[in-house]
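Student:
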Amino acid sequence: MSASHHATAAEVGPGDPPHIHHMDTPTAYQSAKLGMWLFLATEILLFGGLFTSFALYHWAYFEEFHHASKELNWVYGSVNTVVLLFSSFTAALAVDAAQRGDSRRCSKNLLITIACGFLFLIIKGIEYTGKYSHGLFPGTERWNSPEFIQEYKMYFGLYYCMTGLHALHVVLGMGLLTWVYLKARKGRFSSRYFVPVEVGALYWHLVDLIWIYLFPLLYLVG
Amino acid sequence: MSAYSAAGEANAKPNYLNHEKGIWSWLTTVDHKRICLLYLFAILIFFFVGGMAALAMRLELAKLYGTGQHNFIDAETYNAMFTIHGAVMIFLFIVPGIPATLGNFLLPLMIGAKDVAFPKLNLFSWYIYMVGACMALFGLLKPIGPAFMEKAMNFIGVHGPVDTGWTFYAPYSIETGTSVVWMTAAAFVLGFSSILTGLNFIVTIHKLRAPGMTWDRLPVFVWGTYATAVIQTLATPVVGITLLLVIMERGFGVGVFNPKLGGDPVLYQHLFWFYSHPVVYIMVLPAFGIVGEIIPVFSRKPIFGYKAVVYASVTIAVVGFLVWAHHMFVAGISEAAAIYFSVVTFGVAVPTAVKVFNWVSTMYRGSIRFNTPMLYAMGFIFLFMVAGTTGVYLAVLAVDVYYHDTYFVVAHFHYTIQGGAVIGLMGGLYYWFPKMSGKMYNETAGKVTWFLVFVGFNLTFIPQFALGMEGMPRRYYDYLPQYQNLHQVSTAGAVINALGYTLALLNLGWAAVFGRVKAPANPWDSLSLEWQTPSPPPHENFEVTPVVTGSTYAYGTPVRGDAAAH
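Protein chains in written order, with this note's numbering: chain X, 13 to 234; chain H, 108 to 673.
1. For V387/H versus T523/H, is the C-beta distance shorter than 8 Å?
2. Measuring only the C-alpha atoms, how far is P38/X from F148/H?
3. Spatial neighbours of Y660/H within its chain, please: CB distance less than 6 Å, with the 5 preceding and 5 following residues excluded, ordered by chain position.
4. Is C241/H buried or exposed, if buried means 16 or more other CB atoms sit within 10 Å of its CB?
5. For S16/X, which three-state DSSP category applies?
6. Over the uninterrupted alpha helix (DSSP H) stretch that includes P403/H, give me the two end residues.
7. Which two residues bound the contiguous alpha helix (DSSP H) that contains Q639/H?
8. In its own chain, which residues sit with a C-beta less than 7 Å from the C-beta of L171/H, not counting the 5 before and 5 after it?
9. Shorter than 8 Å from the beta carbon of A403/H to some beta carbon of chain X?
10. Quick one: grab the DSSP three-state call for T152/X.
11. Are the beta-carbon atoms belonging to V363/H and G142/X less than 8 Å from one another?
12. Taking CB distances under 8 Å as the criterion, tell me whether A213/X reaches chain H.
13. For S633/H and F308/H, I'd like the C-alpha separation in whole angstroms.
14. Look at the alpha carbon of A644/H and the alpha carbon of D138/H, and state the distance between them as a whole number of angstroms.
15. Run through chain X and tell me which residues come within less than 9 Å of V310/H, C-beta to C-beta.
16. Once DSSP output is grouped into helix, strand and coil, what is the label at R662/H?
17. Show which residues of chain X have a CB atom less than 7 Å away from the CB atom of G362/H.
18. Using only the alpha-carbon positions, how far apart do A619/H and F153/H sit?
19. Note the first and the last residue of the continuous alpha helix (DSSP H) segment covering G480/H.
20. Mind checking the region 368-379 of chain H against chain X and listing, in chain order, the residues whose C-beta falls within less than 9 Å of any C-beta there?
21. Do L133/X and N121/X have their beta-carbon atoms positioned less than 8 Å apart in this structure?
22. Applying the criterion that 16 or more other CB atoms from any shown protein chain within 10 Å of the CB defines a buried residue, is A114/H buried or exposed?
23. Residues in its own chain within less than 7 Å of T125/X by CB, not counting five upstream and five downstream?
24. I need the boundaries of the alpha helix (DSSP H) containing V353/H, first residue and last residue.
25. Work out the CA separation of S280/H and H266/H for me, nearest whole Å.
26. Would S112/H be called buried (16 or more neighbouring beta carbons within 10 Å of its own) or exposed?
27. T208/H: buried (16+ other C-beta within 10 angstroms of its C-beta) or exposed?
28. Enumerate in chain order the residues of its own chain whose CB-to-CB distance from L532/H is below 6 Å, with the five nearest sequence positions on each side excluded.
29. Tell me P409/H's beta-bridge partners as DSSP assigns them.
30. Let's see if you can read the secondary structure: which residues bound the alpha helix (DSSP H) around W191/X?
31. Looking only at its own chain, which residues have a Cβ that is under 8 Å from the Cβ of V209/X, when we skip the five neighbours before and after it?
32. Flag T20/X as yes if its beta-carbon sits less than 8 Å from any beta-carbon of chain H, otherwise no.
33. Which residues, taken in chain order from the region 76-88 of chain X, show a beta carbon closer than 8 Å to some beta carbon of chain H?
34. Nearest by alpha-carbon distance to Y382/H: which of I150/H, V430/H, G210/H is it?
35. Establish whether the CB of M174/X and some CB of chain H are separated by less than 8 Å.
36. Check whether the region 369-381 of chain H and the region 339-348 of chain H are in contact - that is, three or more C-beta pairs closer than 8 Å.
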């Protein structure tokens, strides 16, 4: 039995879909996409708990949240929004290239997407460091002073939880896309087989989408 | 391999149990049937652990040396025991209990597929589950031994068994000194495993049905598992983020649920019950499915109102998302909200009652065979009716104010979850045991142990309804002498119940290992697909992918093979 498996594995050419023992290729393609869409639904519900909490306290401490949000620099936020939107565009281009069987263009666009992820994290890092030096981080002197009321702490607590969890998703998305990129560089994808590029890009779009909601909520609405 | 193909006998063909050998072949398997057994061993161990914690509580509550004093365990240990019992039974035993075991085994077989959609993800879910289980054990440890050991355990966040109850209500879960972080992190990881299982099942049912297996021919167990999988996928992430926020509160002083920091503990309850109410349907919907499979086969009649049964499952899954705050009537929610949640909760009783009527109507004028699985299924109907009706009591606002946090709630909950999910699981294990193991179990022992389980269960929890009505609050270590008799009856029942489960499972274990009676492919004359392949099934389930041409429940009409003869 194992010998026959090896034989089938050997027949798979560089751009062919992998041999899957329990379903045919079109079903495997549809299954992978449905699976990723369901996973994206779970991600939205995961963030949903945070959005609910934010909505509640934004309503309860409207004034305080307004003041606290002024501490955020909307320029950083805007630049990061542009960076992520652009990376979503290149991710879509990578899928298009894979579908047309252009491995070189596919891997190039994936690389740009991953680089944008890095850029986003660097800008986020600069922002976080800025917050720390302004005493807007738990444990700093200003944070512990009586003028820094607990409503501000609530705002920044939620800010760090939401952007932190989002940044974690950026890192995971970059990991996923790196795995796809390494395969694309070896010419693994073709017009016959490109589902990893597509689901990788789907995940990346979600990471982008969540930021599209975080940015106005945290930086602008306040 | 060649040794098997050389033997001409049908029963010497390799099956999923022996086509590969050695522990490594089990730990790396991607076969859904083997993964079912991996889960089954794990959950039964945790069933035992959770049961022992329950017995420890019951032993103390019997107050054999008199009320008002320490009998066997002290109050702190008692708090740890009800937390262990709740957390282990919920997160480690009954949430994966039916979907990950019988669901895993049966789903592909019932729809005529070779495996689930993502077999590697399926194995990965089991490993995540085991990691979560180990993390949960850290939450239960007590730092003991030499000073350096204690220091080391404190360093990794082990401070003593969690004493919050399985609900981790804020603000106590933020303030207690016990290892809440390990336990909540474990629940998060276990939730991730549950999500991946649910996702896998949804895709499998959508994409891998055999030719002719249309949605209106799906066995009701598949429908039950489908409804369950939707809840697993959509509800679990919410409790995940909630528990992460509890960890953030403990670690970094974020105050979302902490009233001292301007947070709102009621928000915690909302987010927690948004998952934890639907989760009871994760436990019980697959059990509905099991009962829906057993009753037609042992009554030799088509299931009554197939479509009603299916719609009821889906309706319960949907409405289950809209009733969560009925756990919070006394938590300070607004009157308008309370009325809404009360009314919608009454609504859940409708599809549930539809199911009960359908099962009973299926049995009406059937030729019933009282094998062990059928006894469990019938026991289920009785117990679940008690559970459902007392659930309606609790949905009444004025009544709930009185019953809230009393033994009445404890009894109601155990009728749904033990009387529903666990009895359903036991019935399912007995029903599909011949398919899973290729052996027959001892019928007499099966019936006797069923009787012990059934009597023991009722003896444990009927007194608890009475205790609740008399005002005995739940989670209390001690009580006034007037409650003692009922508590002692309940404890006696718990011992019989535990004995029943132990012997019933030993009966199956014994038959699996030492049993000499080989099971035929279809010992119950069932029409559903899993019985149309050898027992135990071959590695890829069917030698030829089956083509479905009719209903799964066409009993009494001459459709498929000899089954119609009955």
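Glycine included, each C-beta is placed from N, C-alpha and C at the ideal position. Predicted model only: the values in this text are computed from it and were never measured.
Tutor: Inspection of the coordinates gives the following:
1. Residue 387/H sits at position 280 when you count from the first residue of the second sequence. Residue 523/H sits at position 416 when you count from the first residue of the second sequence. For V387/H and T523/H, yes; Cβs fall inside 8 Å.
2. What you label residue 38/X is simply residue 26 of the first sequence in a count that begins at 1. What you label residue 148/H is simply residue 41 of the second sequence in a count that begins at 1. Going by the C-alpha atoms only, they are around 36 Å apart.
3. As a first step, residue 660/H is located in the second sequence; it is residue number 553 there, counting from the start. These residues qualify, in order along the chain: P403, P409, I410.
4. Here the question's residue 241/H lines up with position 134 in the second sequence. Flag for C241/H reads exposed.
5. As a first step, residue 16/X is located in the first sequence; it is residue number 4 there, counting from the start. Any reading at S16/X needs caution, since the residue's pLDDT is 39, under 50, leaving its predicted position unreliable; the model's value is listed next. Shown here, S16/X sits in a helix according to DSSP, grouped into three states.
6. Residue mapping note: residue 403/H aligns to position 296 of the second sequence, counting from 1. 385-406 is the span of the alpha helix (DSSP H), which, as asked, contains P403/H.
7. Within the second sequence, numbered from 1, the residue matching residue 639/H stands at position 532. Taken as a continuous stretch (DSSP letters only), Q639/H belongs to no alpha helix (DSSP H), as it is neither H nor E.
8. What you label residue 171/H is simply residue 64 of the second sequence in a count that begins at 1. N178.
9. Your numbering for residue 403/H matches position 296 in the second sequence. Note that residue 403/H corresponds to Pro in the displayed sequence, not to Ala. Using a Cβ-Cβ cut-off of 8 Å, P403/H does not count as an interface residue toward chain X, since no Cβ of chain X sits closer than that to its own.
10. Translated into positions along the first sequence, residue 152/X becomes position 140. DSSP, read as helix, strand or coil, puts T152/X in coil.
11. Within the second sequence, numbered from 1, the residue matching residue 363/H stands at position 256. Within the first sequence, numbered from 1, the residue matching residue 142/X stands at position 130. Result no, Cβ atoms of V363/H and G142/X do not sit closer than 8 Å.
12. Residue numbering aside, residue 213/X sits at position 201 when the first sequence is read from its first letter. Not one beta carbon of chain H lies nearer than 8 Å to the beta carbon of A213/X.
13. As a position in the second sequence, residue 633/H is number 526, starting the count at 1. As a position in the second sequence, residue 308/H is number 201, starting the count at 1. Cα atoms of S633/H and F308/H: separation of roughly 23 Å, rounded to the nearest angstrom.
14. Reading the second sequence from its first residue, position 537 is the one you call residue 644/H. Reading the second sequence from its first residue, position 31 is the one you call residue 138/H. In the sequence as presented, Ala is not what sits at residue 644/H; that position holds Pro. Taking the straight line from one Cα to the other gives about 11 Å.
15. The residue labelled residue 310/H in the question sits at position 203 within the second sequence. Against V310/H, the close residues of chain X are Q42, S43, A44, L46, G47, L50, in the order they occur along the chain (beta-carbon pairs closer than 9 Å).
16. Start at 1 with the first residue of the second sequence, and residue 662/H comes out as number 555. Per the sequence presented here, residue 662/H reads as Tyr, with Arg not at that position. Of the three classes helix, strand and coil, the one that applies to Y662/H here is coil, per DSSP.
17. The count along the second sequence starts at 1 and reaches residue 362/H at position 255. Residues of chain X passing the Cβ test: Q162, K165, M166, G169.
18. By one-based count along the second sequence, residue 619/H stands at place 512. By one-based count along the second sequence, residue 153/H stands at place 46. Looking at the two C-alpha atoms, the distance is approximately 20 Å.
19. What you label residue 480/H is simply residue 373 of the second sequence in a count that begins at 1. It should be noted that the sequence gives Pro, not Gly, for residue 480/H. P480/H -> alpha helix (DSSP H) spans 479-502.
20. Going along the region 368-379 of chain H in chain order, one finds L368, G369, G370, D371, L374, H377, L378 with a Cβ nearer than 9 Å to chain X.
21. Residue 121/X sits at position 109 when you count from the first residue of the first sequence. Residue 133/X sits at position 121 when you count from the first residue of the first sequence. Taking 8 Å as the cut-off, the Cβ atoms of N121/X and L133/X do not count as close.
22. As a first step, residue 114/H is located in the second sequence; it is residue number 7 there, counting from the start. With a pLDDT of only 36 at A114/H, under the threshold of 50, the placement of this residue in the model should not be trusted; the figure read from the coordinates follows. By the C-beta density criterion, A114/H is exposed, having fewer than 16 other C-beta atoms within 10 angstroms.
23. As a first step, residue 125/X must be located in the first sequence, where it is residue number 113. Only residues of its own chain outside the window of five on either side were considered, and among them S99, T102, A103, A106, L189, W216 have a CB closer than 7 Å to the CB of T125/X, listed in chain order.
24. Position 246 of the second sequence holds residue 353/H. Here the alpha helix (DSSP H) through V353/H covers 327-359.
25. If you number the second sequence from 1, residue 266/H lands on position 159. If you number the second sequence from 1, residue 280/H lands on position 173. One C-alpha to the other measures close to 13 Å.
26. Taking the second sequence and counting its residues from 1, one reaches residue 112/H at position 5. At S112/H the pLDDT is 36, less than 50, meaning the model places this residue with poor confidence and gives no usable figure here.
27. Here residue 208/H refers to the residue found at position 101 of the second sequence. Burial call: buried.
28. For the purposes of this step, residue 532/H is identified with residue 425 of the second sequence, where counting begins at 1. Here L532/H has G204, I205 as same chain residues with Cβ atoms under 6 Å from its own Cβ, once five neighbours each way along the sequence are excluded.
29. Mapped onto the second sequence, residue 409/H falls at position 302. Paired residue(s): none; P409/H is not in a bridge.
30. Your numbering for residue 191/X matches position 179 in the first sequence. Per DSSP, W191/X belongs to the alpha helix (DSSP H) from 162-197.
31. Residue numbering aside, residue 209/X sits at position 197 when the first sequence is read from its first letter. So the list reads A106, V107, A110, C118, L122, V192, A196, F201, once near-sequence residues are dropped.
32. As a position in the first sequence, residue 20/X is number 8, starting the count at 1. Residue placement at T20/X cannot be trusted, given a pLDDT of 46 that sits under 50; what the coordinates show is reported in the next sentence. Not a single CB atom of chain H sits nearer than 8 Å to the CB of T20/X.
33. Here the close residues number zero.
34. If you number the second sequence from 1, residue 382/H lands on position 275. For the residues I150/H, V430/H, G210/H, the minimum Cα distance to Y382/H belongs to V430/H.
35. Translated into positions along the first sequence, residue 174/X becomes position 162. Chain H, which has no Cβ nearer than 8 Å to the Cβ of M174/X, makes this no.
36. As far as the Cβ criterion goes, the region 369-381 of chain H touches the region 339-348 of chain H, which means the pair count is three or higher.
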